[in-house]
Every structure is written in structure tokens, then in C-alpha cells.
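Participant:
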Amino acid sequence: MFLPKYIFKNLTDISPDFLRDRGIEVLLLDFDNTMLPYTRNEPTAELLAWIQGMKAADIGLCIVSNSKKDRVPLFCRRYGLSYVTHANKPGTRGIRQAVEKMGGKPSALVGDQIYTDVLGANRAGLVSILVNAIDNHNIWLKLRHVLELPFISISAKRRITS
93 MFLPKYIFKN LTDISPDFLR DRGIEVLLLD FDNTMLPYTR NEPTAELLAW
143 IQGMKAADIG LCIVSNSKKD RVPLFCRRYG LSYVTHANKP GTRGIRQAVE
193 KMGGKPSALV GDQIYTDVLG ANRAGLVSIL VNAIDNHNIW LKLRHVLELP
243 FISISAKRRI TS
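All residue numbers for the sequence shown refer to our numbering, where the first residue is 93 and numbers rise by one.
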């Protein structure tokens, strides 16, 4: 349950072709430290281009976040993305809500945390994709990463390089 199906270095390394080749029509996205660092609200040009590329390829995108802050809804409204907040990952209620919101199509969930994103995706029966955290800027995030290293090591053969 703690092992991701696939590992990428960055979110923007995931291509529409990779998803399509695996029958994935919808990509559910963690927000904090997967799309943007906790300390920033503005996306990079690379992230914006990736979002537009996914939309152009008809890959559905929906942010699934445990956040209770306004930054997720504001970002999603600004960039035309669906979202579910207060998801309580690794619980599956918010994940199932996002899948339903996106029409029940075959989905994957991508995030930077094994204990929330990967575990939640696996519990919900989705393809789990782990990416490196953008910025482990405090001791708690660094400690969490250390605790995830055994699972990342076991899953090393699942790493996709671009």
C-alpha cells in the first residue's frame, strides 16, 4: 500500500502519452509541494505549459488537496482546473469525490508524499505516481522524507526517466 506504481522526478515530466499508453484519462493532482511549494502561489511557466499541454491532449486534471486554505480554489479558478479540498488523504472520500467529479474515468493520483498521496491512491484503487517534493523547507518535511526513503528505495525500479 505504500509503494507507488510509478516515480517521476517532477510533475512536469509526466506526459500525456505516458498516461494514455496506460489507459489513464484523468490525472488527480496533489497541490502543495507537488505543483507549487508551500511558500508560493504563482506557478512557473513550465507548470503552466504542462497544464495547457495536458488540457490540449484531453487529459482531465483535478487537484485533490488536504488543504483548508483558499489558495487551492483561487489557483484552480484562475487556471480553469477542477478541485476537491479537505480531501483527508490517505482517506478515500475526497479521492472518490474527485474521480466522480471527473466522470468516473480511469484515473491516477500524483503527489509528493507516500503516507498521504500514494497510500490514498492505492487504497482508492487508482494508479499511484510519486514525484519529488518541490521544497522540503522545514524540519518536519525533511523528516517525513527520511521516513519515506525505504519505500522509495524498494520502488526504485518504478522510476521513469525522461
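A virtual CB, placed ideally from N, CA and C, is assigned to each residue, including glycine. Since the model is a prediction, treat every value here as computed from it, not as a measurement.
Apply the 10 Å Cβ neighbour rule to residue 182 and answer buried if 16 or more other Cβ atoms are within range, or exposed otherwise.
Facilitator: Here residue 182 is taken as the residue at index 90 of the sequence shown, counted from 1. Per the 10 Å Cβ criterion, buried.
Participant: Roughly how many angstroms separate the alpha carbons of residue 125 and residue 222, rounded to a whole number?
Facilitator: Taking the first residue of the sequence shown as position 1, residue 125 is located at position 33. Taking the first residue of the sequence shown as position 1, residue 222 is located at position 130. Rounded to the nearest angstrom, the two C-alpha atoms are 12 Å apart.
Participant: Tell me whether residue 109 sits in a helix, a strand or coil according to DSSP, three-state version.
Facilitator: As a first step, residue 109 is located in the sequence shown; it is residue number 17 there, counting from the start. Residue state, collapsed to three classes: helix.
Participant: Which of the three DSSP states, helix, strand or coil, is assigned to residue 175?
Facilitator: Translated into positions along the sequence shown, residue 175 becomes position 83. It is a strand residue.
Participant: Tell me where the alpha helix (DSSP H) around residue 141 begins and ends.
Facilitator: As a position in the sequence shown, residue 141 is number 49, starting the count at 1. First-last of the alpha helix (DSSP H) with residue 141: 137-148.
Participant: Using DSSP's beta-bridge definition, name the partner residues of residue 201.
Facilitator: Here residue 201 refers to the residue found at position 109 of the sequence shown. In the DSSP output, where bridge partners are listed per residue, residue 201 has 120, 220.
Participant: Using three-state DSSP, classify residue 94 as helix, strand or coil.
Facilitator: Here residue 94 is taken as the residue at index 2 of the sequence shown, counted from 1. Reduced to three states, the DSSP call for residue 94 is coil.
Participant: Taking the Cβ atom as the reference point for each residue, do residue 123 and residue 155 lie within a distance shorter than 8 Å?
Facilitator: Your numbering for residue 123 matches position 31 in the sequence shown. Your numbering for residue 155 matches position 63 in the sequence shown. Taking 8 Å as the Cβ cut-off, residue 123 and residue 155 qualify as a contacting pair.
Participant: Buried or exposed for residue 184, please, with buried defined as at least 16 other CB atoms from any protein chain shown within 10 angstroms of its CB.
Facilitator: Here the question's residue 184 lines up with position 92 in the sequence shown. Flag for residue 184 reads buried.
Participant: Per DSSP, residue 154 forms a beta bridge with which residues?
Facilitator: Sequence index remark: in the sequence shown, residue 154 carries index 62 (1-based). Paired residue(s): 120, 174.
Participant: Is the beta carbon of residue 108 closer than 8 Å to that of residue 145?
Facilitator: For the purposes of this step, residue 145 is identified with residue 53 of the sequence shown, where counting begins at 1. For the purposes of this step, residue 108 is identified with residue 16 of the sequence shown, where counting begins at 1. Yes, these two residues count as a Cβ contact at 8 Å.
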